[in-house]
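Colleague: Structure incoming, see below.
Number of protein chains: 2
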Amino acid sequence: MARPLSIDEDELLSRLASVFRDLGYEGASLAALSEGAGLQKASLYHRFPGGKQQMADEVLAAAIGWFGENVLAPLKQGGEPKTRIAAAARRLDDFYSGGRKACLLNMLSSPRSADGPFSPAIRSSFEALIDAFSRVAREAGHAPKAARRRAERAVMLMQGSLVLSRGLGSGEPFRAFLSALPDDLLGEAA
Amino acid sequence: MARPLSIDEDELLSRLASVFRDLGYEGASLAALSEGAGLQKASLYHRFPGGKQQMADEVLAAAIGWFGENVLAPLKQGGEPKTRIAAAARRLDDFYSGGRKACLLNMLSSPRSADGPFSPAIRSSFEALIDAFSRVAREAGHAPKAARRRAERAVMLMQGSLVLSRGLGSGEPFRAFLSALPDDLLGEAA
DNA sequence: GTCTATAACAGGATAGAC
DNA sequence: GTCTATCCTGTTATAGAC
Numbered sequence: 001m002a003r004p005l006s007i008d009e010d011e012l013l014s015r016l017a018s019v020f021r022d023l024g025y026e027g028a029s030l031a032a033l034s035e036g037a038g039l040q041k042a043s044l045y046h047r048f049p050g051g052k053q054q055m056a057d058e059v060l061a062a063a064i065g066w067f068g069e070n071v072l073a074p075l076k077q078g079g080e081p082k083t084r085i086a087a088a089a090r091r092l093d094d095f096y097s098g099g100r101k102a103c104l105l106n107m108l109s110s111p112r113s114a115d116g117p118f119s120p121a122i123r124s125s126f127e128a129l130i131d132a133f134s135r136v137a138r139e140a141g142h143a144p145k146a147a148r149r150r151a152e153r154a155v156m157l158m159q160g161s162l163v164l165s166r167g168l169g170s171g172e173p174f175r176a177f178l179s180a181l182p183d184d185l186l187g188e189a190a
Numbered sequence: 191m192a193r194p195l196s197i198d199e200d201e202l203l204s205r206l207a208s209v210f211r212d213l214g215y216e217g218a219s220l221a222a223l224s225e226g227a228g229l230q231k232a233s234l235y236h237r238f239p240g241g242k243q244q245m246a247d248e249v250l251a252a253a254i255g256w257f258g259e260n261v262l263a264p265l266k267q268g269g270e271p272k273t274r275i276a277a278a279a280r281r282l283d284d285f286y287s288g289g290r291k292a293c294l295l296n297m298l299s300s301p302r303s304a305d306g307p308f309s310p311a312i313r314s315s316f317e318a319l320i321d322a323f324s325r326v327a328r329e330a331g332h333a334p335k336a337a338r339r340r341a342e343r344a345v346m347l348m349q350g351s352l353v354l355s356r357g358l359g360s361g362e363p364f365r366a367f368l369s370a371l372p373d374d375l376l377g378e379a380a
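Sequence order for the protein chains is L and A.
Counting in my numbering, the first sequence runs from 1 upward without gaps.
Counting in my numbering, the second sequence runs from 191 upward without gaps.
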């Protein structure tokens with residue numbers, strides 16, 4: 001779907017993503033990004049003339065792309081709702097490393113008004129996930145309104161479980177979210 | 191309970207808290223804190239010789255104190271579980287300004303290992319809230335294990351609704367959390 | 001494309017007058 | 001207790017050799 005990225009480019013963005021996830025945008029200094037990427041600062045500027053902002057932009061775009069292909073797409077494809085959700089849960093477990101990794105959408109949100117440069121991408125990402133969850137719930141027999149409610153709650157539980165896992169220093173809340181996800185989306189209609 | 195704070199001190203910590211909530215620890219520059227507090231940088235250093243770290247420490251301690259007195263205490267006092275939860279929900283709505291304010295526990299979490307200076311306070315705060323929620327659910331007739339599960343889910347939903355509200359730029363997810371809280375904690379046992 | 005070195009700047013922290 | 005002015009460190013960003 002996206003432009004063909006070299007394997008090294010993927011690896012580079014993945015390493016930078018790890019730094020942004022751990023430290024946030026402001027907290028991610030060029031020194032930290034340089035160390036995390038295994039490249040000197042000047043090398044990073046050669047690859048990202050737009051500086052830290054561009055690095056975060058590309059990191060976010062790559063994460064959204066991966067998420068769309070690996071989580072959203074399976075949710076939309078045919079098959080049993082239960083099976084599709086199980087597949088998505090496995091990918092989510094991978095994406096967040098069992099709850100050890102924070103969510104970029106959380107770490108890049110700047111609450112100081114809606115002026116953050118990432119706000120549009122973040123908002124549309126949340127809406128896409130809610131939409132995909134909602135679709136599955138509807139196909140399982142839930143009314144549109146109820147399906148939407150379940151989808152929103154599932155997204156809240158996902159984000160909240162990541163926050164709580166970080167705060168408690170344990171992956172248990174995230175694992176609990178994953179195992180409860182089918183029931184949260186489908187309920188008795190499973 | 192805590193040491194007697196002058197009214198100005200409370201107001202000062204409240205303003206600083208707003209800056210930390212919006213920008214996170216790293217993002218909160220001394221310039222931003224100074225502007226938010228309405229004090230010059232040097233004045234802040236007179237009050238907080240320990241610098242930004244001390245400001246964040248005291249802000250977090252004050253928030254935890256307020257939370258304990260206004261949210262946790264009502265949950266523990268006697269009365270109908272439903273009534274106590276409704277009271278806590280009103281205080282939460284106040285505390286987070288209807289979902290417009292982020293949670294300090296989220297904004298001050300540094301995922302880079304558990305070495306963050308706020309980690310112990312954050313962890314014990316989460317555990318205290320889970321404990322208070324769990325107690326109410328148990329008193330309403332739920333078994334200890336089920337009560338704990340409901341409490342953890344409620345905390346996840348709270349944190350997740352705040353993240354989602356911020357991401358979507360709307361207080362709706364947080365309001366949905368608040369109105370669903372009694373049912374989430376008590377369920378059919380209400 | 002990646003490195004060493006450095007310039008330009010912002011951020012955290014202090015001194016000292018009032 | 002608060003201000004103006006300043007220091008010093010760390011950060012962003014760039015130049016130029018290889």
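Virtual Cβ for every residue (Gly too), placed ideally from N, Cα, C.
Just to confirm, are Arg166 of chain L and Asp212 of chain A a CB contact at a threshold of 8 Å?
Modeller: Contact flag unset, no.
Colleague: For Ala102 of chain L, would you say it is in contact with chain A, using Cβ-to-Cβ distances shorter than 8 Å as the test?
Modeller: Ala102 of chain L counts as touching chain A.
Colleague: Alpha helix (DSSP H) containing Lys272 of chain A: first to last residue?
Modeller: Residues Pro271 to Phe285.
Colleague: Pull up the CB-CB distance for Phe118 of chain L and Leu129 of chain L, whole angstroms please, since I reckon it's below 8 Å.
Modeller: Wrong, their Cβ atoms sit about 16 Å apart, outside the cutoff.
Colleague: Does the count of Cβ pairs from the region 54-74 of chain L and the region 10-21 of chain L closer than 8 Å reach three?
Modeller: The answer is yes - the region 10-21 of chain L touches the region 54-74 of chain L, with three or more Cβ pairs under 8 Å.
Colleague: Between Leu347 of chain A and Phe367 of chain A, which are expected to be in contact by the criterion C-beta below 8 Å, what is the C-beta distance as a whole number of angstroms?
Modeller: 5 Å between Cβ atoms; contact.
Colleague: Can you list, in chain order, the residues of its chain with a C-beta nearer than 8 Å to that of Pro74 of chain L? Leave out the 5 residues immediately preceding and following it.
Modeller: Closer than 8 Å at the Cβ level, and outside the excluded window around Pro74 of chain L, lie Arg84, Ala87, Ala88 and Arg91.
Colleague: Using only the alpha-carbon positions, how far apart do Lys231 of chain A and Leu33 of chain L sit?
Modeller: Between Lys231 of chain A and Leu33 of chain L, the C-alpha separation is close to 29 Å.
Colleague: Among L:Asp183, L:Phe133 and L:Ala143, whose alpha-carbon lies nearest the alpha-carbon of Leu72 of chain L?
Modeller: If we check each option's Cα against that of Leu72 of chain L, L:Phe133 comes out closest.
Colleague: Name, please, each residue of chain A whose Cβ falls closer than 8 Å to the Cβ of Ile122 of chain L.
Modeller: In chain order: Gly357.
Colleague: Whole angstroms is fine: what's the gap from Glu378 of chain A's alpha carbon to Leu186 of chain L's?
Modeller: Roughly 19 Å separates the two Cα atoms.
Colleague: Report yes or no: is there a C-beta of chain L within less than 8 Å of the C-beta of Asp161 of chain A?
Modeller: In the structure as shown, chain A begins at 191 and stops at 380. Residue 161 of chain A is therefore absent and cannot be evaluated.
Colleague: Using a C-beta cutoff of 8 Å, does Pro117 of chain L count as contacting chain A?
Modeller: It does not; no Cβ of chain A falls within 8 Å.
Colleague: Determine the burial state of Ala143 of chain L: buried for a count of at least 16 other Cβ atoms within 10 Å of its Cβ, exposed for fewer.
Modeller: Label assigned to Ala143 of chain L: exposed.
Colleague: Tell me which same chain residues have a C-beta within less than 8 Å of the C-beta of Arg15 of chain L, skipping the five on either side of it?
Modeller: Gly36, Ala37 and Gly38.
Colleague: Give me the residue from L:Lys76, L:Ala102 and L:Val59 with the minimum Cα distance to Ser300 of chain A.
Modeller: For Ser300 of chain A, the nearest C-alpha among the options comes from L:Ala102.
Colleague: Helix or strand or just coil, what does DSSP make of Gln244 of chain A?
Modeller: In the structure shown, Gln244 of chain A sits in a helix (DSSP, three-state: H, G or I).
Colleague: So, with DSSP's three-state summary, where would you put Ser299 of chain A?
Modeller: Coil.
Colleague: Can you check which of these residues, L:Pro173, L:Gly169, L:Leu104 and L:Arg148, is closest to Gly160 of chain L by C-alpha distance?
Modeller: Considering only alpha carbons, the answer is L:Pro173.
Colleague: Examine chain L for any beta-carbon lying closer than 8 Å to the beta-carbon of Ser299 of chain A, and answer yes or no.
Modeller: Yes, Ser299 of chain A lies at the interface with chain L (some Cβ there is under 8 Å from its Cβ).
Colleague: Can you tell me whether DSSP reads Arg290 of chain A as helix, strand or coil?
Modeller: It is coil, neither helix nor strand.
Colleague: Where does Ala251 of chain A land, buried or exposed, given buried means 16+ other C-beta within 10 angstroms?
Modeller: Exposed, by the Cβ-count rule.
Colleague: Check distances from the C-beta atoms of the region 146-163 of chain L to those of chain A and list, in chain order, the residues that come in under 8 Å.
Modeller: Listed by position, the residues of the region 146-163 of chain L near chain A (Cβ gap below 8 Å) are Arg149, Glu152, Arg153, Val155, Met156, Leu157, Met158, Gln159, Gly160, Ser161 and Val163.
Colleague: Please determine, among L:Arg149, L:Ala140 and L:Ser170, the residue with the shortest C-alpha to C-alpha distance to Glu80 of chain L.
Modeller: That would be L:Ala140, whose Cα lies nearest to the Cα of Glu80 of chain L.
Colleague: Output needed in chain order: residues of the region 205-229 of chain A with a Cβ under 8 Å from some Cβ in chain L.
Modeller: Those would be Arg211, Asp212, Leu213, Gly214, Tyr215, Glu216 and Gly217, in chain order.
Colleague: DSSP three-state call for Pro307 of chain A: helix, strand or coil?
Modeller: Note: Pro307 of chain A maps to coil in three-state DSSP.
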